[in-house]
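The structure appears below as structure tokens.
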């Protein structure tokens with residue numbers, strides 16, 4: 123539920139999206155009316171425990187769902203265009219020009235038989251207009267003797283040679299932007315020759331190469347050691363200052379959200395259950411699940427013999443609980459929680475929560 127002002131400021135609007143996975147065991151109700159928006163120029167954190175639907179939400183936005191998934195309701199608007207209504211070719215163009223996503227494991231998405239340079243330059247070669255503009259600005263030329271026509275008589279080789287030279291120059295630029303020490307050497311290397319942190323930087327570089335209006339980062343520090351995690355987070359912080367686009371940061375780490383995000387949406391079992399500015403959420407968490415997450419964070423300024431946990435277990439989404447999906451684990455649940463799903467309610471400036479404790483009719 124968003125105000126008219128927020129909708130006017132929105133780059134991305136996810137409205138009441140429901141998604142099921144068809145499995146042999148039954149229908150997995152993975153997303154149950156997910157609603158949130160990402161404002162122009164902001165970084166929104168999407169947090170929750172593993173399996174709550176964060177990555178599925180991102181894959182739905184970029185149109186990379188597996189064949190056994192189906193969106194049964196809702197819309198996803200990017201600058202007013204409904205991504206869910208687009209054809210396969212249309213959504214591919216959006217991924218090529220407007221949305222970039224970086225995944226948790228870069229080895230899954232980097233081609234092992236192509237060098238980093240070949241893969242990165244291909245991203246730039248898809249945008250011939252941009253290459254022409256950069257070539258003119260930088261006065262990039264190619265060696266003499268490359269003006270003969272292609273055997274097909276289509277385009278002169280000079281144009282392609284010049285494009286490749288410009289693409290290489292831009293590739294070096296963007297690898298420098300993500301703080302790779304020797305960009306020219308990296309261009310010649312294969313993914314297996316790089317460390318995990320370097321591969322992740324290359325994936326970020328490929329995302330930046332598209333000049334996206336929306337950058338989605340899905341648990342991109344999870345598989346890295348602590349030192350490299352800190353370096354990647356510092357890189358993201360610097361890029362956030364430099365870039366004008368919006369960011370959707372998916373993570374289970376509230377510390378990462380506190381460092382990098384402007385607002386945060388908390389997800390549980392396929393539902394957005396709370397959304398607020400970062401400072402407001404940390405100072406005043408309202409949903410019992412959010413409060414449980416906050417209590418589970420280790421604090422260096424207080425002695426804890428053991429970390430607090432949220433009782434119970436994550437629900438089976440083939441047979442999800444009725445009403446509020448958190449009610450079997452909630453210490454404050456009452457009868458209405460078992461019967462009715464709570465709607466997102468505005469409880470303060472920019473703060474919404476889906477909980478009957480803050481609505482009318484508590485019994």
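Numbering (my numbering), first residue to last: 123 to 485. By construction, the Cβ of each residue, glycine as well, lies at the ideal position given by its N, Cα and C atoms. Computed from a prediction, not measured in an experiment: that's the story for all the values here.
> Comparing the CB of residue 200 with every heavy atom of the ligand FMN, is any distance shorter than 6 Å?
Replying inline: In the structure shown, the ligand FMN is absent, as is every other ligand, since no ligand is present at all.
> What whole-angstrom Cβ distance do residue 348 and residue 409 have, given they're in contact under 8 Å?
Replying inline: Sequence index remark: in the chain shown, residue 348 carries index 226 (1-based). Sequence index remark: in the chain shown, residue 409 carries index 287 (1-based). Not a contact, Cβ separation roughly 30 Å.
>> Does residue 317 pass the burial test, meaning 16 or more other C-beta atoms within 10 Å, or should it be called exposed?
In response: Position 195 of the chain shown holds residue 317. By the neighbour-count rule (16 or more Cβ atoms within 10 Å), residue 317 is not buried but exposed.
> In this structure, what does DSSP give as the bridge partners for residue 371?
Replying inline: Taking the chain shown and counting its residues from 1, the one referred to as residue 371 is at position 249. The partner list for residue 371 (beta bridge, DSSP) reads 167, 339.
>> Counting C-beta neighbours from all protein chains within 10 Å, is the total for residue 272 16 or more, i.e. buried, or is it exposed?
In response: As a position in the chain shown, residue 272 is number 150, starting the count at 1. Since pLDDT at residue 272 reaches only 45, below the 50 mark, its modelled position is unreliable, and the value read off the structure follows with that caveat. Burial call: exposed.
>> On a Cα-Cα basis, can you pick out the residue from 166, 151, 170, 132 that is closest to residue 413?
In response: On the chain shown, position 291 is the one that residue 413 refers to. That would be 170, whose Cα lies nearest to the Cα of residue 413.
> How many angstroms separate the CA atom of residue 139 from the CA atom of residue 442?
Replying inline: The sequence position of residue 139 within the chain shown is 17, counting from 1. The sequence position of residue 442 within the chain shown is 320, counting from 1. About 17 Å.
>> Am I right that residue 369 and residue 147 are in contact with their C-beta atoms under 8 Å? What's the rounded C-beta distance?
In response: Taking the chain shown and counting its residues from 1, the one referred to as residue 369 is at position 247. Taking the chain shown and counting its residues from 1, the one referred to as residue 147 is at position 25. Contact doesn't hold; Cβ gap of about 35 Å is too wide.
> Just how far apart, CA to CA, sit residue 223 and residue 133?
Replying inline: Taking the first residue of the chain shown as position 1, residue 223 is located at position 101. Taking the first residue of the chain shown as position 1, residue 133 is located at position 11. Roughly 16 Å separates the two Cα atoms.
>> Between residue 289 and residue 247, how many whole angstroms is the CB-CB distance? I'm expecting something under 8 Å.
In response: In the chain shown, the residue the question calls residue 289 occupies position 167. In the chain shown, the residue the question calls residue 247 occupies position 125. Confirmed, about 5 Å.
>> Quick check: the Cα distance between residue 364 and residue 373, rounded to an integer number of angstroms?
In response: In the chain shown, counting from the first residue as 1, residue 364 sits at position 242. In the chain shown, counting from the first residue as 1, residue 373 sits at position 251. Roughly 22 Å separates the two Cα atoms.
>> Using only CA atoms, which one of 203, 233, 145, 337 lies nearest to residue 191?
In response: Here the question's residue 191 lines up with position 69 in the chain shown. The shortest C-alpha separation from residue 191 is found at 145.
>> Mapping the DSSP letters down to three states, classify residue 227 as helix, strand or coil.
In response: For the purposes of this step, residue 227 is taken as the residue at position 105 of the chain shown. In the structure shown, residue 227 sits in coil (DSSP, three-state: anything other than H, G, I, E or B).
> Does the stretch 338–352 come close enough to the stretch 151–159 that 3 or more CB-CB pairs lie under 8 Å?
Replying inline: no
> What's the gap between the Cα of residue 435 and the Cα of residue 411?
Replying inline: Position 313 of the chain shown, counted from the start, is the residue given in the question as residue 435. Position 289 of the chain shown, counted from the start, is the residue given in the question as residue 411. Those two C-alpha atoms are separated by around 12 Å.
>> Under DSSP, the alpha helix (DSSP H) around residue 147 begins and ends at which residues?
In response: The sequence position of residue 147 within the chain shown is 25, counting from 1. Where residue 147 is concerned, there is no enclosing alpha helix (DSSP H), given that its DSSP letter is neither H nor E.
>> Once DSSP output is grouped into helix, strand and coil, what is the label at residue 153?
In response: As a working note, residue 153 is residue 31 in the chain shown. Strand at residue 153.
> Hey, residue 156 and residue 394 are a contact pair by Cβ (cut 8 Å); roughly how many whole angstroms apart?
Replying inline: By 1-based counting over the chain shown, the position of residue 156 is 34. By 1-based counting over the chain shown, the position of residue 394 is 272. Residue 156 to residue 394, Cβ: 6 Å. Contact.
> Leaving out the 5 sequence neighbours to the left and right, which residues in its chain are closer than 7 Å to residue 454 when beta-carbon positions are compared?
Replying inline: Counting from one through the chain shown, the residue named residue 454 turns up at place 332. Counting only Cβ-Cβ distances below 7 Å, and skipping sequence neighbours, we find 410, 479.
>> Could you tell me the alpha carbon to alpha carbon distance between residue 473 and residue 221, rounded to whole angstroms?
In response: In the chain shown, residue 473 corresponds to position 351, counting from 1. In the chain shown, residue 221 corresponds to position 99, counting from 1. Approximately 27 Å between the Cα atoms of the pair.
> Which whole-angstrom value is the C-beta distance of residue 186 and residue 176, which I expect to be below 8 Å?
Replying inline: The residue you call residue 186 lines up with position 64 of the chain shown. The residue you call residue 176 lines up with position 54 of the chain shown. Incorrect: roughly 14 Å between the Cβ atoms, too far for contact.
> What are the uninterrupted segments assigned as alpha helix (DSSP H) that are 4 or more residues long and contained completely in the stretch 358–443, given in chain order?
Replying inline: 376–382, 400–405, 410–417
> Is residue 419 buried or exposed, if buried means 16 or more other CB atoms sit within 10 Å of its CB?
Replying inline: Numbered from its first residue, the chain shown carries residue 419 at position 297. So residue 419 ends up on the exposed side.
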